[in-house]
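Using my numbering, read the sequence shown as starting at 90 and increasing by one per residue.
Even for Gly, the Cβ is constructed at its ideal location relative to N, Cα and C.
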Amino acid sequence: MKLYTRRGDDGGTDLFGGQRVNKDSLRVEVYGTVDELNSTVGLTAAACRFPELVAVLHTVQHRLFELGADLATPRKPGAAETSAAGLARIGAEHVAEAEGMIDAVCAPLEPMRTFILPGGSELAARLHVARTVARRAERLCVALSRQEPGLEQVVIHLNRLSDLFFAMARRANQLEGVADVPWNPRKTKG
90 MKLYTRRGDD GGTDLFGGQR VNKDSLRVEV YGTVDELNST VGLTAAACRF PELVAVLHTV
150 QHRLFELGAD LATPRKPGAA ETSAAGLARI GAEHVAEAEG MIDAVCAPLE PMRTFILPGG
210 SELAARLHVA RTVARRAERL CVALSRQEPG LEQVVIHLNR LSDLFFAMAR RANQLEGVAD
270 VPWNPRKTKG
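Next up, the structure:
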């Protein structure tokens with residue numbers, strides 16, 4: 090089988106289930122951003138030397154593939170809770186899994202006492218980039234949810250993933266022996 094099909098040369102693409110849409114549709118923008126997030130996570134994992142974080146990143150990558158398949162399968166009222174690819178839709182169990190990972194990553198961290206800037210170590214900075222891509226995917230998914238009901242758990246899951254990347258950035262700094270960078274707001278003179 091060849092890698093190229095020429096089917097997308099007209100600016101269209103096929104969703105799971107056979108429906109054809111324009112490549113600039115909101116649905117394609119959402120799952121394209123999830124794909125970008127997955128690539129960002131892969132780049133981050135490649136630069137990570139901490140097995141505890143690599144394991145989480147690889148789990149997240151698998152879930153992001155499932156999320157992409159979910160988003161590429163339009164929902165039909167009363168239809169089964171599986172995507173056309175036969176995968177379970179993103180649900181409360183995915184949110185719970187993400188929350189469990191957040192709790193595990195946060196366990197060795199000191200409580201935050203101030204806002205922190207994205208940065209510190211290079212690994213933490215990469216995780217902050219993943220966090221911001223997750224936030225963009227979440228915003229796009231909120232917009233899509235206005236057109237298609239049933240995406241509530243997807244939105245919540247993306248929200249938790251951004252929290253997870255934030256927690257992982259703090260843990261990466263801790264493991265690297267680099268302090269989080271506190272935000273020092275300027276005080277107005279008055």
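According to the neighbour-count rule (16 or more other Cβ atoms, all chains shown, within 10 Å of its Cβ), is asparagine 262 buried or exposed? buried
Any idea if alanine 213 is buried or exposed, counting beta-carbon neighbours within 10 angstroms, 16 or more meaning buried? buried
Indicate whether aspartate 124 and leucine 92 have their beta-carbon atoms separated by less than 9 Å. no
Whole angstroms are fine: how far does the CA of leucine 253 sit from the CA of isoleucine 191? 5 Å
Taking Cβ to Cβ, would you say alanine 187 is nearer than 9 Å to valine 130? no
Unbroken alpha helix (DSSP H) run spanning cysteine 137, endpoints: Where cysteine 137 is concerned, there is no enclosing alpha helix (DSSP H), given that its DSSP letter is neither H nor E.
With a cut-off of 8 Å on the beta carbons, I'd call alanine 223 and leucine 126 a contact; round off their distance for me. 6 Å
Sufficient close CB pairs (3 or more, under 8 Å) joining the stretch 179-186 to the stretch 242-258: yes
Using a Cβ-Cβ cut-off of 7 Å (strictly less than) and excluding sequence neighbours within five positions of glutamate 118, which residues of its own chain qualify? Leu229
Pick from Ser128, Val194, Thr203 and Ser114 that is closest to tryptophan 272, judged by C-alpha positions: Thr203
Quick one: what's got a C-beta closer than 7 Å to glycine 239's C-beta in the same chain, skipping five residues either side? Arg164
For proline 197, tell me which candidate among Ala158, Leu264, Gly208 and Glu211 has the shortest Cα-Cα distance. Leu264
DSSP on isoleucine 245, reduced to helix/strand/coil? helix
Rounded to whole angstroms, what's the CA-CA distance from aspartate 159 to valine 194? Just pull it up for me. 27 Å
Output the boundary residues of the alpha helix (DSSP H) element that contains isoleucine 286. Coverage of the chain is limited to positions 90 through 279, which leaves residue 286 absent and any answer about it impossible.
Beta-bridge pairing of valine 270 - partner residues as DSSP gives them: Leu206
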